[in-house]
Amino acid sequence: MTTWPRITIRTIAVGNVAVGALGLFLQLDSAVRFSQRHQFIGTRPGETYVYSTLACIAFAFALLALVSGFFLWRTSRTTLRLCNLLFGSELVYWVAGAMLDVILATSKSEWAHNFATSVASVSGVGNMGLAPQVLSLYPVWALVLLNLAYWRAGKAEPPSHLDTVRTASAPFRR
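In our numbering, the protein residues as written are 17 to 190.
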């Protein structure tokens with residue numbers, strides 16, 4: 017592998033570890049603060065469930081970012097797939113969450129407005145683990161740089177024995 021793709025991949029690996037560790041710290045701090053200060057209010061009955069769901073999703077994304085950073089150091093193609101899945105699903109989560117907020121806020125149903133109020137009241141605290149990534153748009157530029165680096169590394173190195181097709185030992189199938 018040439019020099020700049022390896023440096024790019026390993027820099028993003030360090031970034032994944034940093035963003036994942038910071039996200040886990042912020043998510044755990046948020047959970048402690050929410051549990052100490054949360055008051056159950058009858059006007060927003062779904063608030064606790066919404067917070068728990070958002071916090072679990074954000075915790076999972078932050079943990080996967082941390083773990084993928086360690087795997088990304090080895091610069092394997094499997095890790096590229098993991099990072100593509102992770103960052104792609106984070107982008108889908110953000111877009112789907114924004115669409116859900118708009119749909120619920122513009123609905124004529126009272127239930128939808130109550131649920132939208134619950135989501136709005138805890139979404140900032142529940143998604144605290146993803147805050148460093150949202151503010152820096154980390155998944156967007158990490159996806160672009162990782163795929164560009166792996167594409168360049170694939171063009172630069174000769175094909176390995178695993179990439180060749182075995183025609184002599186494989187039976188012919190119709």
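Cβ coordinates follow ideal geometry from the N, Cα and C atoms, glycine included.
- Between A81 and F50, the gap from beta carbon to beta carbon reaches 9 Å or more.
- Of the other Cβ atoms in all chains shown, 16 or more fall within 10 Å of the Cβ of L96; this residue is therefore buried.
- The three-state reading of DSSP puts W157 in helix, counting H, G and I together.
- In this chain, the alpha helix (DSSP H) harbouring W110 covers R93 to A121.
- When Cβ pairs closer than 8 Å are counted between the two stretches, the region 127-136 is seen not to touch the region 23-35, the count staying below three.
- About 12 Å separates the beta carbon of L159 from that of T24, a gap too long to meet the 8 Å contact definition.
- Counting along the chain, no alpha helix (DSSP H) covers L146, and no H or E run does either.
- By the neighbour-count definition (other C-beta atoms within 10 Å, threshold 16), F77 is a buried residue.
- Scanning its chain for C-beta atoms nearer than 8 Å, with the 5 sequence neighbours on each side dropped, one finds around Q43 the residues A71, A74, F75, A78, M144 and G145, in chain order.
- Where S46 is concerned, the enclosing alpha helix (DSSP H) starts and stops at T19 to R53.
- DSSP places G85 inside the alpha helix (DSSP H), whose first and last residues are E63 to L88.
- Within a 10 Å sphere around the beta-carbon of L151 sit fewer than 16 other beta-carbons, which makes this residue exposed.
- By the C-beta density criterion, Q149 is buried, having at least 16 other C-beta atoms within 10 angstroms.
- From the listed residues T91, Y67, Q52 and G39, the smallest Cα separation to R26 is found for T91.
- In the three-state reduction of the DSSP assignment, S125 falls in the coil class.
- When the five nearest sequence neighbours on each side are left out, the beta carbons in the same chain lying within less than 7 Å of the beta carbon of L98 are those of S84 and F87, in order along the chain.
- Of V66, F103, Y65 and R93, the smallest CA-CA separation from L153 is found for F103.
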